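K.L.:
Here it is: the structure, laid out below.
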Amino acid sequence: MTNKPYLKALFRTPDLFVGILDHEGRLINANDASLEFIKRDLKDIKGDKFWETPWWDHSKQLQGNLKEGIEAAKKGEAIRLEANHFSPEGEKVTVDFILRPVEEESGATRLLALGRDISKREEIKNELKEREKKYREIFNNANDAVYLHEVTEEGIPGEFIEVNAVATKMLGYTRKEFLSMSPQDIDGGEKAQDVPIIMEELLSKGHKTFEMYHQAKNGSLVPVDVSSHVFEMNGKKRVISIAREITKRKELEKTQKLISSSLDQASLEVYWITPDGRFVYTNKQVRERLGYSKEELENMSVWEIDPNPEHAEESRETRWSRLKENEVLNFESIHKTKGGDTYPVEIASHYIQHGGEEYEFAFAKDITKRKKTERRLKQSRSELRQSFVELAETTSRVLGVRDPYTRRHELKVGRLAMEVGERMDLDEEKRLGLYLGGVLHDIGKIAIPETILTKPGGLKDIEWKMIKSHPEVGYNQILSDTDFPWPVAEMTLHHHERLDGSGYPHGLAGDELSLEVRILGAVDVLEAMSTRRPYRAARSKGHTLKVLKQGRGEKFDLEVVNILVDMIEEGRIEFGGE
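Put into structure tokens, the structure is as follows:
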């Protein structure tokens, strides 16, 4: 027998669809929530066959399933099924539907119909599937070999769970073969004996970078630089390792040994640097002056010893291009020791080619005595400056090395957006949020191959689709779970949306775009047009003004465009630079 207070409580529950049917499946009663959804009064549908009511009449198959359920419920069974209901306006909800017999106080048997909205649960499931899909795309599109493997209770590397295409190509095993193997099957050479020590440190610290030889299927040993990280998945420890082949580096090391003895006698610091800023060789004077070991320096880059803010703002690619063009660069900078002390240096950098590869060959002279009257760099900076430095370092690590143009673009967009906010009299917090949104808005391009980002001319449909995915990659893969006090993730996701709904990825329009998104979207367009890119020249001042004015109030926010036009006419925007 049904508890009457319980039934009343069900009827008052706002997120439940509740109905009472007679033994033949005709509607006797329904709660307000279910009636409000279909915009009908009970008197209009009372007595109707339940499967012919507006909740069910849109699908013959669904009606058939319901009829079968009613017949089963009449026999005493509790029936459960999932169904979609549609409101008159077309709103769709997915409902977890339960139908079971109940006995009233009078002794009559009724059927109790309960529907709970599970649309959000379905959305979450779909979102998780989409995230997994994007993770796999990034996993398989990595330029280095990636391995995911188990760890036994004894701390020994277990079987591979997943490997990417680069790993199969590098070592010659199929994915199926890999999944029946473990790292112990591919670790080879003299360094294989170090695995127990490596695993102990990896499990203790959670991460470890080391060199190893991986044995290919044909028996050859491939030297690799490995970066491993420990994480938990389903309550068990797992290790993900990224292995970069360093065969060319090892060959170069042999050549370096021939000249290192003479360079070690030099009184100047000598550096051999790759185009992306990594140290290949440093002489004895460098090690003694900076306090790092040879092995430590081999895993470092120029940014870690050169804290000069002017060089931090200049991308490595820009500096490398200037070096190639001039062959020699002479400049002053600052070097930082392992202990944290800094000293001024005079640097002469030379562009060289060796073994089919390009390098920067640099000599640095300590000029502390000459610079003793100059002020030292400030040790403390404002909170905003500290945040910028930390953010710039993060961007450099993640995106700047492979796509310096995008990093420089992000920094400019951040500064311009902050100035627009200042001219709009926004408070300091909002201006800081605009700056950080600008600095991070293109972070999703980390998942796009560099060949596409810098490709001259038109893009194929699939390439353009990859380009257009960067707002969602930046949001879903990097920023959505970050607890910023500003809408940085939203700005990243929506900076290509337009007021008229013509943007992407969601086609938002009008009031759906926040003020921050409106500012960032217009500033992004201005900076992109005014700056030279690897694949095209900068747009002219006149052309840029024309585009902004044509979109004023339609694609772009009216007030924001007016401010940008003023800034252009005031000469605040440089055209033709990088």
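Just so you know, the sequence shown maps onto residues 1386 to 1963 in this note's numbering.
Every residue, glycine too, gets a C-beta built ideally from N, C-alpha and C.
Treat the numbers as computed from the prediction; the structure is a model and nothing was measured.
1) So, do the stretch 1832–1848 and the stretch 1866–1877 have three or more beta carbon pairs nearer to each other than 8 Å?
2) Report all residues from its chain with a CB closer than 6 Å to the CB of Leu1682; omit the five preceding and five following residues, and keep chain order.
3) Could you check the C-alpha separation between Glu1804 and Thr1867 for me, to the nearest Å?
4) Under 8 Å between the Cβ atoms of Leu1801 and Glu1901?
5) Output the boundary residues of the beta strand (DSSP E) element that contains Leu1497.
6) Which value, in whole angstroms, describes the spacing of the CA atoms of Lys1460 and Glu1409?
7) Following the continuous beta strand (DSSP E) through Val1480, name the residue where it begins and the one where it ends.
8) Inspect the beta-carbon positions of Phe1482 and Ala1468 and report whether they are closer than 8 Å.
9) Report the residue from Leu1447, His1880, Val1403, Arg1560 whose alpha carbon sits nearest the alpha carbon of Val1824.
10) Beta-carbon within less than 6 Å of Ser1686's beta-carbon, same chain only, minus the 5 sequence neighbours each way: which residues are those?
11) What first and last residue would you give for the beta strand (DSSP E) that runs through Met1597?
12) Name the DSSP bridge partner or partners of Gln1738?
13) Assign Gly1404 to one of three DSSP states: helix, strand, or coil.
14) Going by alpha carbons, who is nearest to Gly1492 out of Phe1471, Asp1407, Val1478?
15) Would you call Val1713 buried or exposed, if buried means 16 or more other Cβ atoms sit within 10 Å of its Cβ?
16) Give the straight-line distance between the Cα atoms of Arg1924 and Gly1557, rounded to the nearest whole angstrom.
17) Drop a sphere of 10 angstroms on the beta-carbon of Ser1626, count the other beta-carbons inside from all chains shown, and report buried for 16 or more, exposed for fewer.
18) Between the C-alpha atoms of Val1609 and Asn1619, what's the straight-line distance to the nearest angstrom?
19) Considering just the uninterrupted stretch of the alpha helix (DSSP H) at Thr1836, what are its terminal residues?
20) Roughly how many whole angstroms lie between the Cα atoms of Ser1652 and Val1607?
21) Taking Cβ to Cβ, would you say Ile1658 is nearer than 8 Å to Asn1693?
22) Taking 8 Å as the cut-off, does the stretch 1543–1550 touch the stretch 1559–1568 (at least 3 CB pairs, one atom from each stretch)?
23) Give me the Cβ distance between Ile1405 and Leu1497, rounded to the nearest whole Å; I'm assuming they're in contact under 8 Å.
24) Suppose you measure from the CA of Leu1499 to the CA of Trp1441; what does that come to, to the nearest Å?
25) What residue from His1739, Tyr1728, Phe1748 has the CA that sits closest to Lys1754's CA?
26) What does the alpha-carbon distance come out to for the pair Asp1502 and Ile1413?
P.N.:
Straight from the coordinates:
1) Contact between the stretch 1832–1848 and the stretch 1866–1877 is absent, because fewer than three Cβ pairs lie under 8 Å.
2) In the sequence shown, counting from the first residue as 1, residue 1682 sits at position 297. For Leu1682, the CB contacts under 6 Å within the same chain, skipping 5 residues up- and downstream, are Phe1664, Thr1667 in chain order.
3) Taking the sequence shown and counting its residues from 1, the one referred to as residue 1804 is at position 419. Taking the sequence shown and counting its residues from 1, the one referred to as residue 1867 is at position 482. Approximately 25 Å between the Cα atoms of the pair.
4) Mapped onto the sequence shown, residue 1801 falls at position 416. Mapped onto the sequence shown, residue 1901 falls at position 516. Against a cut-off of 8 Å, the Cβ pair of Glu1901 and Leu1801 comes out as no contact.
5) On the sequence shown, position 112 is the one that residue 1497 refers to. Where Leu1497 is concerned, the enclosing beta strand (DSSP E) stretches over 1494–1502.
6) Position 75 of the sequence shown, counted from the first residue, corresponds to residue 1460. Position 24 of the sequence shown, counted from the first residue, corresponds to residue 1409. Between Lys1460 and Glu1409, the C-alpha separation is close to 12 Å.
7) Counted from its first residue, the sequence shown places residue 1480 at position 95. First-last of the beta strand (DSSP E) with Val1480: 1477–1488.
8) Start at 1 with the first residue of the sequence shown, and residue 1482 comes out as number 97. Start at 1 with the first residue of the sequence shown, and residue 1468 comes out as number 83. The criterion of a C-beta distance shorter than 8 Å is satisfied by Phe1482 and Ala1468.
9) If you number the sequence shown from 1, residue 1824 lands on position 439. For Val1824, the nearest C-alpha among the options comes from His1880.
10) One-based indexing of the sequence shown puts residue 1686 at position 301. Only Gly1662, Arg1663 meet the Cβ criterion.
11) Walking along the sequence shown from the start, residue 1597 turns up at place 212. 1592–1600 is the extent of the beta strand (DSSP E) around Met1597.
12) Position 353 of the sequence shown, counting from 1, holds the residue named residue 1738. The partner list for Gln1738 (beta bridge, DSSP) reads Glu1743.
13) Here residue 1404 corresponds to residue number 19 of the sequence shown, with the count starting at 1. Three-state DSSP puts Gly1404 in a strand.
14) Residue mapping note: residue 1492 aligns to position 107 of the sequence shown, counting from 1. Between Gly1492 and the set Phe1471, Asp1407, Val1478, the nearest pair of CA atoms involves Asp1407.
15) Here residue 1713 corresponds to residue number 328 of the sequence shown, with the count starting at 1. Result: exposed.
16) Locating residue 1924 in the sequence shown gives position 539, counting from the first residue. Locating residue 1557 in the sequence shown gives position 172, counting from the first residue. Whole-angstrom Cα-Cα distance: 48 Å.
17) Taking the sequence shown and counting its residues from 1, the one referred to as residue 1626 is at position 241. Flag for Ser1626 reads buried.
18) Numbered from 1 along the sequence shown, position 224 holds the residue referred to as residue 1609. Numbered from 1 along the sequence shown, position 234 holds the residue referred to as residue 1619. CA-CA distance, Val1609 to Asn1619, rounds to 29 Å.
19) Taking the sequence shown and counting its residues from 1, the one referred to as residue 1836 is at position 451. 1835–1838 is the extent of the alpha helix (DSSP H) around Thr1836.
20) Within the sequence shown, numbered from 1, the residue matching residue 1652 stands at position 267. Within the sequence shown, numbered from 1, the residue matching residue 1607 stands at position 222. One Cα belongs to Ser1652, the other to Val1607, and the distance between them is close to 36 Å.
21) Residue numbering aside, residue 1658 sits at position 273 when the sequence shown is read from its first letter. Residue numbering aside, residue 1693 sits at position 308 when the sequence shown is read from its first letter. Taking 8 Å as the Cβ cut-off, Ile1658 and Asn1693 do not qualify as a contacting pair.
22) Yes, the stretch 1559–1568 is in contact with the stretch 1543–1550.
23) Residue numbering aside, residue 1405 sits at position 20 when the sequence shown is read from its first letter. Residue numbering aside, residue 1497 sits at position 112 when the sequence shown is read from its first letter. Taking C-beta atoms under 8 Å as the contact rule, Ile1405 and Leu1497 qualify, at a distance of about 6 Å.
24) Position 114 of the sequence shown, counted from the start, is the residue given in the question as residue 1499. Position 56 of the sequence shown, counted from the start, is the residue given in the question as residue 1441. Approximately 14 Å between the Cα atoms of the pair.
25) Within the sequence shown, numbered from 1, the residue matching residue 1754 stands at position 369. Out of His1739, Tyr1728, Phe1748, Tyr1728 has the C-alpha closest to the C-alpha of Lys1754.
26) Translated into the one-based positions of the sequence shown, residue 1502 becomes position 117. Translated into the one-based positions of the sequence shown, residue 1413 becomes position 28. Spanning the two alpha carbons is a distance of roughly 22 Å.
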